[in-house]
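Q: Mind having a look at this structure? Questions to follow.
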Amino acid sequence: MAKFFRQDLSRSKLALTVSLKLFAEDPIGFTAKVAEKFRMAKSPTLQRIANFLSNTIKQFSHSPLDIYVDDGEFTAGLQWAKSQKHLSRREKSLVRVHREKIQRLHHDFADSAPLDKAQRVVHYLTNSLPHTNSGYTLRSQKVLEAQKSAGLSVAPITRLGYPLVIGKVSVKPTDNINSVVYSRMLPDSFPASLTERDKLAIRELVNFCKQEKADAIQTTTDFTNAIVVSEAASILNIPWVYEVRGELESTWASRRPQSAERSEFYRLAHEAETRAMLAAAHVVTLSEISKQDLISRGVPRDRITVVPNAVEAAQLTWTPDKCKTADLRRSLGVSDDTTIVGAITSVVSYEGLEVLIDATKYLPDNYAFVIVGDGNDRERLENLPNAKNVHFVGKKAQSEVLDWYALLDVFVIPRLDMAVTRKVTPIKGLQAQALGIPIVASDLPALREVTGGIETYVTPGSAEALAQGIREVAGTTRQQGIDWARTRSWSTNSNLYKSIFRD
256 MAKFFRQDLS
266 RSKLALTVSL
276 KLFAEDPIGF
286 TAKVAEKFRM
296 AKSPTLQRIA
306 NFLSNTIKQF
316 SHSPLDIYVD
326 DGEFTAGLQW
336 AKSQKHLSRR
346 EKSLVRVHRE
356 KIQRLHHDFA
366 DSAPLDKAQR
376 VVHYLTNSLP
386 HTNSGYTLRS
396 QKVLEAQKSA
406 GLSVAPITRL
416 GYPLVIGKVS
426 VKPTDNINSV
436 VYSRMLPDSF
446 PASLTERDKL
456 AIRELVNFCK
466 QEKADAIQTT
476 TDFTNAIVVS
486 EAASILNIPW
496 VYEVRGELES
506 TWASRRPQSA
516 ERSEFYRLAH
526 EAETRAMLAA
536 AHVVTLSEIS
546 KQDLISRGVP
556 RDRITVVPNA
566 VEAAQLTWTP
576 DKCKTADLRR
586 SLGVSDDTTI
596 VGAITSVVSY
606 EGLEVLIDAT
616 KYLPDNYAFV
626 IVGDGNDRER
636 LENLPNAKNV
646 HFVGKKAQSE
656 VLDWYALLDV
666 FVIPRLDMAV
676 TRKVTPIKGL
686 QAQALGIPIV
696 ASDLPALREV
706 TGGIETYVTP
716 GSAEALAQGI
726 REVAGTTRQQ
736 GIDWARTRSW
746 STNSNLYKSI
756 FRD
C-alpha cells in the first residue's frame, strides 16, 4: 500500500511539474486548452470554470509575437523580438520555445537501417486508449491487434509525459486493452526545454526497446514522433517504420485563412514530414490518394504499403438492440416515424457541421438531426441560428457508439473542401456502411475512396445539395455499403502488416 501511495504521489508531483512548465511556455494557449477541456465536461461547475477561464484569457496582454506565431511566421516573429528593447517574461518564453520549434522543423533524419524481417516491434504513439478515445487511438489498437494476429510481438509505449500532459493524473504505468499492453513514458522529471524533452524521450525509448528486445520501431505522424524514433533506432541500429495518418501542416492550415498554406510553418512542416518519410525503412499510409502524394514527394513505390481503415468482422454481423434504439429516440423526444440524420465525429471546423445545421431549414419537420461527438467548434455551432434544430449529445463511450450509429437513418460526412479533407480518409463512414446506413458525403477524393464510390456525394459547402442528398436516400438500406465494408477488414490488414515485417 505504501509503495502505491508513493507512486501516486510521485505522479501527482510530475503532473504538477508538467502543468507548470506547459503554462510557463504559453499561458494563454495552456489556459485556453484547460478551458476547452472543462467546457466539454458534463459538470455544470466545470463549465462555469471554463467560462471564467475564457474571460480571463481576454485580460491577458497579447503581443505582436502572438500574431507572428499564429500566422506560422516563426522566423519573422523572432526577428521582431530581437528588435525590441524590452520583452515581457511571456514573450521571452515564446522566443525560447519557437527557436526550438524551428530547430525541430529543420531536423536532419538519419536514414533507417534496412527492414528485412522483424519479430518484435515497439510502437511509439502520441496517445492511446483508455485515456484518449479518438480515431487515432482506435486505429492504433486495431493495428496492434492485427500485427499480433500476424504473429508479431508488439509493445506500444506513448510519448513522454502522456497522459499527464492531457491532465490525467491517476494513471498506471501500463494499461491492458484486449491483451494489448500499453506502457507509459513517465520519467522522474519533465524538462522545460523541447530539445531536452526530445533527448529524454530518445533515452527512454532506447531503454524500452532494449527491455523489449525490439527488432524494429513503428511510429505515426507527425514528424516530432519521427525525430524521437529515428534517433532511437539509429542508436540501436534497427529499422523504423513511419505510418502517415494525417498531414500536420494541412490540419494546422484548416483552422486559418488560405494564406496559411504560404506560411513558413506550413512549408517547413511539409518538408520535415517529407524528410521523415524518405528516411524511414518503410512507410504505411491509409489510402491510394496518400500513396500517390508520397510518391510525388520522392518516396519509392516499393517502400509504401497502403493499410486502409477497416471494420471488425463482428461489426458486420452485429444486430442492434431495438430497445436501446427506442430508448435513445425517447431521450431525444423523437417519434418512431421521424427520419434521424446524424454525424458521429470530432466537432471541428473542417468537418463542415455548419453545413448540416444550415441544411435543416431545407428539410421538413419529420426529420431530426443529431451530432455525436465533441470538439473546439461545438460552442460556436450551438450558437448558430438553426442549431435549435440539432441535438448535440456530446462524446460517447466506445461501448455506446454502435447504438448511436444504429439510431441513424442517414449518416452524413459534410466535410469542407480543404487540403486535409481531400487526402485524409476517416473511418466513421465505414462503420456506418457496415450497418447498411446510407451515407451522404461531400464529393471529395478521400471520401469517395474510403466509401468505395458507392454512396451519395454532394458539392462541399452546399447546404441545399446536402439536404437534397438526404431526401434521396432517406428510408433506404444500402446492401452495397455492407458488401463494401466486408472488403475492408482488419484480418486483411493483418496480412498486409505481415508482408511488411515478416515476408
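Per our numbering, residue 256 is the first one in the sequence shown, and the count goes up by one each step. Virtual Cβ for every residue (Gly too), placed ideally from N, Cα, C.
For the pair the region 487-506 and the region 454-472, tell me if three or more CB-CB distances fall below 8 Å.
A: yes
Q: Reducing DSSP to helix, strand and coil, say where Val398 ends up.
A: helix
Q: Between which two residues does the alpha helix (DSSP H) carrying Phe756 extend?
A: Residues Trp745 to Phe756.
Q: Please list the terminal residues of the continuous alpha helix (DSSP H) segment that includes Gln688.
A: Lys683 to Ala689
Q: Can you look up Thr574 in the DSSP assignment and give me helix, strand or coil?
A: coil
Q: Taking the alpha-carbon positions, what's the Thr479 to Arg458 distance?
A: 15 Å
Q: Tell me the start and end of each unbroken alpha helix (DSSP H) in the region 549-630 that is at least 4 residues and wholly inside, in chain order.
A: As far as the region 549-630 is concerned, its whole alpha helix (DSSP H) runs of at least 4 residues are 568-571, 577-587 and 608-614.
Q: With DSSP as the reference, please indicate the residues paired to Met440 in a beta bridge.
A: Leu415
Q: Would DSSP call Asn431 helix, strand or coil?
A: strand
Q: Return the first residue and the last residue of the beta strand (DSSP E) that Val695 is part of.
A: Ile694 to Ser697
Q: Kindly indicate which residue of Pro319, Asp477 and Val589 has the alpha-carbon position closest to the one of Val538.
A: Asp477
Q: Who are Ile472's beta bridge partners in DSSP?
A: Val377 and Trp495
Q: What residue does the alpha helix (DSSP H) around Ile725 start on, and which one ends it?
A: Ala718 to Val728
Q: Cα separation between Glu710 and Pro669?
A: Taking the straight line joining both Cα atoms gives about 13 Å.
Q: Output needed for Glu528: all residues of its chain with C-beta closer than 6 Å, excluding positions within five of it in sequence on either side, in chain order.
A: Phe478
Q: DSSP three-state label for Gly649, please.
A: strand
Q: Going by Cα to Cα distance, which pick from Ser343, Leu407, Lys356 and Gln339 is closest to Val324?
A: Lys356
Q: Assuming Phe666 is part of the beta strand (DSSP E), what are its boundary residues?
A: Val665 to Ile668
Q: For Ala759, tell me which candidate among Asp613, Leu503, Ala487 and Val602 has the shortest Cα-Cα distance.
A: With the chain covering only 256 through 758, there is no way to say anything about residue 759.
Q: Would the region 619-632 and the region 578-595 be scored as touching if the rule is three or more Cβ pairs under 8 Å?
A: yes
Q: Val562 and Tyr752: beta carbons closer than 8 Å?
A: Contact: yes.
Q: Identify the continuous alpha helix (DSSP H) that holds His353 and give its terminal residues.
A: Arg344 to Leu360
Q: In chain order, what residues of the same chain lie with their CB nearer than 8 Å to the CB of Val589, ignoring the 5 residues before and after it?
A: Ile595 and Ala623
Q: Where does Val424 sit, in a helix, a strand or coil, going by DSSP?
A: coil
Q: Is there contact between the region 713-728 and the region 739-751, where contact requires at least three CB pairs shorter than 8 Å?
A: Too few Cβ pairs lie closer than 8 Å, so no.
Q: Just grab the DSSP bridge partners of Thr711 for me.
A: Val695
Q: Could you pull out every residue in the same chain whose Cβ sits closer than 6 Å to the Cβ of Lys397, ignoring the five residues on either side in sequence?
A: Cβ neighbours of Lys397 beyond the five flanking positions: Trp745.
Q: What residue ranges within the region 518-554 form continuous alpha helix (DSSP H) runs of no fewer than 4 residues, ordered along the chain?
A: When DSSP assignments are scanned along the region 518-554, the uninterrupted stretches of alpha helix (DSSP H) that are 4 or more residues long and fall wholly within it turn out to be 519-534 and 543-551.
Q: CA-CA distance, Trp335 and Phe329?
A: Going from the Cα of Trp335 to the Cα of Phe329 covers about 10 Å.
Q: With three or more beta-carbon pairs closer than 8 Å as the criterion, would you say the region 665-684 touches the region 629-645?
A: no
Q: Bridge partners for Ser408 per DSSP, in chain order?
A: Arg375
Q: Between which two residues does the alpha helix (DSSP H) carrying Glu634 extend?
A: Arg633 to Glu637
Q: Please go through the same chain and pick out, in chain order, the residues whose beta-carbon is closer than 6 Å to the beta-carbon of Ile559, but skip the five residues on each side of it.
A: Val538, Lys546 and Leu549
Q: Alpha carbon to alpha carbon, how far is Ile692 from Gln735? Give it in angstroms, no decimals.
A: 10 Å
Q: Alpha carbon to alpha carbon, how far is Lys403 from Pro411?
A: When rounded, the distance between both Cα atoms is 12 Å.
Q: Note the first and the last residue of the continuous alpha helix (DSSP H) segment covering Val705.
A: From DSSP, the alpha helix (DSSP H) with Val705 extends over Pro700 to Val705.
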